[in-house]
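Contents: one structure, followed by commentary.
Number of protein chains: 2
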Amino acid sequence: MLTAGAMMKGARLSYAESGGTVSDPEHPKGDPTRPVTISYIAETAGVSIPTVSKVVNGRPGVAADTRARVEALISEYGYRKTNRKNVMELVFGELEDMWGMEIIRGVERVAREQRVGVVLTEFGPPQDSVGHPIGDMLARRPACVVTVAQLSQEQRDELQAKDIPFVVFDPTTELPDGVPYVGATNWAGGRSATRHLAQLGHRRIAMIAGPDRILGCRARLDGYRSALEVAGLSVDTDLVVRAELTTQGGRVAALDLLSGPERPTAIFACNDLQALGVYQAARELGLRIPADVSVVGFDDLPVAALVDPPLTTVHQPLNQMAAAATEMALALGRGERPQIGLELATTLTVRESTSSPADQ
Amino acid sequence: MLTAGAMMKGARLSYAESGGTVSDPEHPKGDPTRPVTISYIAETAGVSIPTVSKVVNGRPGVAADTRARVEALISEYGYRKTNRKNVMELVFGELEDMWGMEIIRGVERVAREQRVGVVLTEFGPPQDSVGHPIGDMLARRPACVVTVAQLSQEQRDELQAKDIPFVVFDPTTELPDGVPYVGATNWAGGRSATRHLAQLGHRRIAMIAGPDRILGCRARLDGYRSALEVAGLSVDTDLVVRAELTTQGGRVAALDLLSGPERPTAIFACNDLQALGVYQAARELGLRIPADVSVVGFDDLPVAALVDPPLTTVHQPLNQMAAAATEMALALGRGERPQIGLELATTLTVRESTSSPADQ
DNA sequence: CTGAAAGCGCTTACAG
DNA sequence: CTGAAAGCGCTTACAG
Numbered sequence: 184m185l186t187a188g189a190m191m192k193g194a195r196l197s198y199a200e201s202g203g204t205v206s207d208p209e210h211p212k213g214d215p216t217r218p219v220t221i222s223y224i225a226e227t228a229g230v231s232i233p234t235v236s237k238v239v240n241g242r243p244g245v246a247a248d249t250r251a252r253v254e255a256l257i258s259e260y261g262y263r264k265t266n267r268k269n270v271m272e273l274v275f276g277e278l279e280d281m282w283g284m285e286i287i288r289g290v291e292r293v294a295r296e297q298r299v300g301v302v303l304t305e306f307g308p309p310q311d312s313v314g315h316p317i318g319d320m321l322a323r324r325p326a327c328v329v330t331v332a333q334l335s336q337e338q339r340d341e342l343q344a345k346d347i348p349f350v351v352f353d354p355t356t357e358l359p360d361g362v363p364y365v366g367a368t369n370w371a372g373g374r375s376a377t378r379h380l381a382q383l384g385h386r387r388i389a390m391i392a393g394p395d396r397i398l399g400c401r402a403r404l405d406g407y408r409s410a411l412e413v414a415g416l417s418v419d420t421d422l423v424v425r426a427e428l429t430t431q432g433g434r435v436a437a438l439d440l441l442s443g444p445e446r447p448t449a450i451f452a453c454n455d456l457q458a459l460g461v462y463q464a465a466r467e468l469g470l471r472i473p474a475d476v477s478v479v480g481f482d483d484l485p486v487a488a489l490v491d492p493p494l495t496t497v498h499q500p501l502n503q504m505a506a507a508a509t510e511m512a513l514a515l516g517r518g519e520r521p522q523i524g525l526e527l528a529t530t531l532t533v534r535e536s537t538s539s540p541a542d543q
Numbered sequence: 184m185l186t187a188g189a190m191m192k193g194a195r196l197s198y199a200e201s202g203g204t205v206s207d208p209e210h211p212k213g214d215p216t217r218p219v220t221i222s223y224i225a226e227t228a229g230v231s232i233p234t235v236s237k238v239v240n241g242r243p244g245v246a247a248d249t250r251a252r253v254e255a256l257i258s259e260y261g262y263r264k265t266n267r268k269n270v271m272e273l274v275f276g277e278l279e280d281m282w283g284m285e286i287i288r289g290v291e292r293v294a295r296e297q298r299v300g301v302v303l304t305e306f307g308p309p310q311d312s313v314g315h316p317i318g319d320m321l322a323r324r325p326a327c328v329v330t331v332a333q334l335s336q337e338q339r340d341e342l343q344a345k346d347i348p349f350v351v352f353d354p355t356t357e358l359p360d361g362v363p364y365v366g367a368t369n370w371a372g373g374r375s376a377t378r379h380l381a382q383l384g385h386r387r388i389a390m391i392a393g394p395d396r397i398l399g400c401r402a403r404l405d406g407y408r409s410a411l412e413v414a415g416l417s418v419d420t421d422l423v424v425r426a427e428l429t430t431q432g433g434r435v436a437a438l439d440l441l442s443g444p445e446r447p448t449a450i451f452a453c454n455d456l457q458a459l460g461v462y463q464a465a466r467e468l469g470l471r472i473p474a475d476v477s478v479v480g481f482d483d484l485p486v487a488a489l490v491d492p493p494l495t496t497v498h499q500p501l502n503q504m505a506a507a508a509t510e511m512a513l514a515l516g517r518g519e520r521p522q523i524g525l526e527l528a529t530t531l532t533v534r535e536s537t538s539s540p541a542d543q
């Protein structure tokens with residue numbers, strides 16, 4: 184065995200001499216297909232294996248310059264723990280037809296570029312005890328996790344304890360400071376949807392608001408209020424109705440709003456499913472969209488462009504949000520310190536479900 | 184160290200005595216959260232670690248009864264190699280909003296039950312050389328592969344060479360005998376869609392057929408023809424129009440069919456997207472569905488229930504097909520010999536886009 | 001067929 | 001801060 188001093192001076196050569204029949208000192212034992220191991224990095228850096236282990240796992244007890252040198256080699260040789268597999272996890276509470284695919288696509292795109300496999304996990308409802316998705320996920324030792332499921336504090340602690348970085352996708356509740364997340368600008372989206380209606384000349388603009396327990400719903404509602412104020416319109420509490428984020432919820436709320444004596448000329452729904460419920464209600468009441476009532480949704484689900492009339496809605500950049508979350512998670516997995524909290528801008532997509540009330 | 188004989192008699196106890204402060208002999212070192220290791224299985228079975236290793240990896244050189252005993256313990260304690268890649272791959276050519284999620288769900292459900300992670304891979308168009316999805320997939324050494332992408336003969340050969348079993352999901356071309364696949368009963372589905380229209384009393388039933396290169400489209404067309412014959416109706420070649428499987432394709436074909444002098448009273452579209460194109464065409468021509476023309480689709484995409492009127496369509500059990508493909512692939516991965524070729528029954532979902540021509 | 005021995009990549013606890 | 005030592009789960013090559 185060589186001394187540490189000898190290793191520091193001519194590390195690569197000494198490795199080659201001690202180990203194998205090497206001609207190319209760039210690769211361990213001269214075999215380019217052989218994975219770079221912790222011992223190779225240690226020898227090349229002129230430090231011990233435990234020191235590299237500490238750097239790799241982000242543990243303290245390594246001098247800054249030593250750490251820097253080792254990190255440089257790790258990145259130069261593309262070292263990865265052989266049993267730390269090259270996969271990340273994408274966790275859903277439940278795989279939703281309407282939203283899921285855009286998220287999956289965004290994650291997949293970035294992961295593919297970085298040559299990381301994506302394991303898709305569905306936690307399912309807690310009472311559904313089929314399988315052990317959480318334990319199985321931890322056993323896979325993923326490089327990082329992007330979670331669409333709202334993890335409990337316990338689950339987050341468990342990931343932290345196992346040193347698996349994670350990013351929460353579109354959090355529905357307030358997270359403690361320091362928990363990485365990617366969301367959308369819900370407040371700004373609610374504001375621009377409402378401003379659009381006000382600019383078309385609507386004065387009686389109703390909102391079907393979602394449940395208060397969902398943070399994004401509150402933000403959308405506040406955006407609605409803010410835009411009304413800016414437009415010099417008062418917030419009429421009769422024009423705000425709560426409903427679950429479903430087609431049925433939207434339908435019932437809209438029947439309520441549209442059956443009254445002084446019905447609104449426009450409805451902003453908290454999401455597209457609710458907006459489709461407004462379509463149903465309008466049909467039932469014999470009202471035309473947008474001639475009798477304008478409708479704006481939120482999300483821009485694929486179905487929004489397919490319905491009749493095509494739905495004006497606030498586009499959530501799910502694909503880009505997912506990509507950003509994945510980049511963040513993978514960076515954390517590499518031990519980098521990215522910005523850990525992002526909201527991506529929503530954009531209003533104007534289709535044919537809105538018009539000026541003058542047309543009515 | 185205890186002798187093998189002593190271990191065979193009181194294996195669990197001996198492990199507890201030798202190792203730790205155990206009270207519950209059911210779990211290694213008394214810790215139920217601690218994973219079951221190869222050494223625990225070896226000691227419990229009264230064999231050496233290498234012997235268990237051979238069993239786990241399916242290598243020869245183990246007596247049949249020893250193997251059986253070890254396998255029983257492995258299954259009893261749910262042993263899994265800590266670093267073993269307990270993953271399978273689900274491969275898409277392109278992740279499609281409309282179809283993908285149901286497939287993913289079906290795969291996920293079965294994989295979760297069998298405690299296997301699902302790595303989702305998108306091959307992407309060949310010219311898109313970002314990443315190396317195929318090589319990366321092989322490097323992950325998955326237990327098996329379910330592929331929605333139509334693999335080339337070469338790719339199939341490569342998987343075979345690496346001993347990775349695979350199942351083709353809904354093959355669009357004829358496969359060589361012996362290639363495992365799961366599809367749907369396209370011919371029967373085309374037949375029942377057409378029979379439904381004939382039973383409603385339609386005599387002029389048109390079909391928008393898909394491209395001939397897609398096997399399932401040919402089957403649906405033949406099902407249409409077969410049902411017409413059974414109903415005593417002649418196959419009028421003017422009533423069969425080819426179109427790509429898109430909304431635009433369906434629209435153009437429907438405009439063609441519905442603008443003629445003797446227009447059909449019903450249209451069977453080869454898929455739901457085409458059927459949505461028929462909706463557009465009808466709107467443009469001022470025709471009502473189903474009053475002026477009945478429409479049947481194929482696939483039962485989520486959007487089918489949401490459009491106005493809700494679309495009568497042939498339901499493809501994508502979820503069950505995916506589950507069956509996954510069971511097949513995992514069984515192949517375990518070295519079993521399942522039935523390797525299945526078509527799952529489609530079912531007609533009658534909604535509101537079809538009615539008797541008498542109503543017209 | 002079986003398992004002792006050597007070895008691999010990596011982690012942990014701890015002495016200096 | 002550093003790394004020698006012990007240890008872990010597992011694999012491989014080989015002696016019996």
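Chains R and P supply the protein sequences, listed in that same order.
Mapped onto this note's numbering, the consecutive letters of the first sequence carry residue numbers 184 to 543.
Mapped onto this note's numbering, the consecutive letters of the second sequence carry residue numbers 184 to 543.
Think of the CB as a built atom: it goes at the ideal place given N, C-alpha and C, for glycine as much as any other residue.
Within chain R, no residue has its beta carbon less than 7 Å from that of R534/P; the closest one is some 14 Å off. Remark: C-beta atoms of A437/P and V461/P approach each other more closely than 7 Å. Interface with chain P (7 Å Cβ-Cβ cutoff): V302/R is included.
Put simply, of L321/R, T227/R and S375/R the residue whose alpha carbon is nearest the alpha carbon of E412/R is S375/R. Taking one beta carbon from each stretch, the stretch 390-406 of chain P and the stretch 417-433 of chain P have 3 or more pairs nearer than 8 Å; the two touch.
Around the C-beta of T537/P, 16 or more other C-beta atoms lie within 10 Å, and the residue is accordingly described as buried. Contact with chain P is found for P316/R, since one of that chain's Cβ atoms lies less than 7 Å from the residue's Cβ.
Residue state for S409/P is assigned as helix, using DSSP reduced to three classes. Counting along the chain, D482/R sits inside the beta strand (DSSP E) bounded by residues S477 to D482. Less than 7 Å divides the Cβ of T356/P from the Cβ of L398/P.
The Cβ of G261/R sits no closer than 7 Å to any Cβ of chain P. Checking the DSSP bridge columns, you'll see L273/R partnered with L303/R and V329/R. Measuring C-alpha to C-alpha distances from E305/P to each of R386/R, V302/R and G307/R identifies V302/R as the nearest.
Take D439/R, set aside five residues on each side of it, and the residues of its chain with a beta-carbon closer than 7 Å to its own are V424, in chain order. Contact annotation: A458/P and L484/P have beta-carbon atoms that are not nearer than 7 Å. Check the Cα spacing between Q431/R and each of R263/R, Q382/R, A512/R and D455/R: the tightest is with D455/R. Of the residues assessed, Q336/R falls on the exposed side of the cut-off, its CB having fewer than 16 other CB atoms within 10 angstroms. Judged by beta-carbon spacing, R401/P lies beyond the 7 Å limit of G373/P, meaning their Cβ atoms are not closer than that value. For R517/P, the nearest beta carbon of chain R is not closer than 7 Å to its own beta carbon. Looking only at S258/R, V331/R and V299/R, the smallest Cα-Cα distance to G318/P is reached by V299/R.
Using a C-beta cut-off of 8 Å, the stretch 286-294 of chain P makes no contact with the stretch 227-242 of chain P, since fewer than three inter-stretch Cβ pairs fall below that distance. The Cβ atoms of W370/P and G406/P lie closer than 7 Å to each other.
Taking a Cβ-Cβ threshold of 7 Å, none of the residues of chain R is close to E427/P; the smallest such distance is about 17 Å. By DSSP's assignment, I388/P forms a beta bridge with A449/P.
Look at R471/P: its C-beta is not under 7 Å from any C-beta on chain R.
For I224/R against A505/R, the beta-carbon gap comes to about 32 Å, at or over 8 Å, which does not count as contact. L515/R is a Cβ neighbour of P348/R, given a cutoff of 7 Å. Using a Cβ-Cβ cut-off of 7 Å, I287/P is close to L278 and L303 of chain R, given in chain order.
In terms of beta-carbon proximity, E337/R stays away from the interface with chain P, with every pair separated by 7 Å or more. A check of alpha carbon separations from E535/R across V490/R, G229/R and E526/R identifies V490/R as the nearest. Residues of the stretch 484-501 of chain R with a Cβ closer than 8 Å to any Cβ of chain P, in chain order: P485, V486, L489, V490 and D491.
With its beta carbon less than 7 Å from one in chain R, M284/P belongs to the interface.
In the structure shown, the three-state DSSP call for T429/R is coil.
Taking C-alpha positions only, R466/R is separated from A294/R by approximately 44 Å. Remark: C-beta atoms of V253/R and A332/R do not approach each other more closely than 7 Å. L459/R reaches chain P at L489, counting residues in chain order whose Cβ is nearer than 7 Å.
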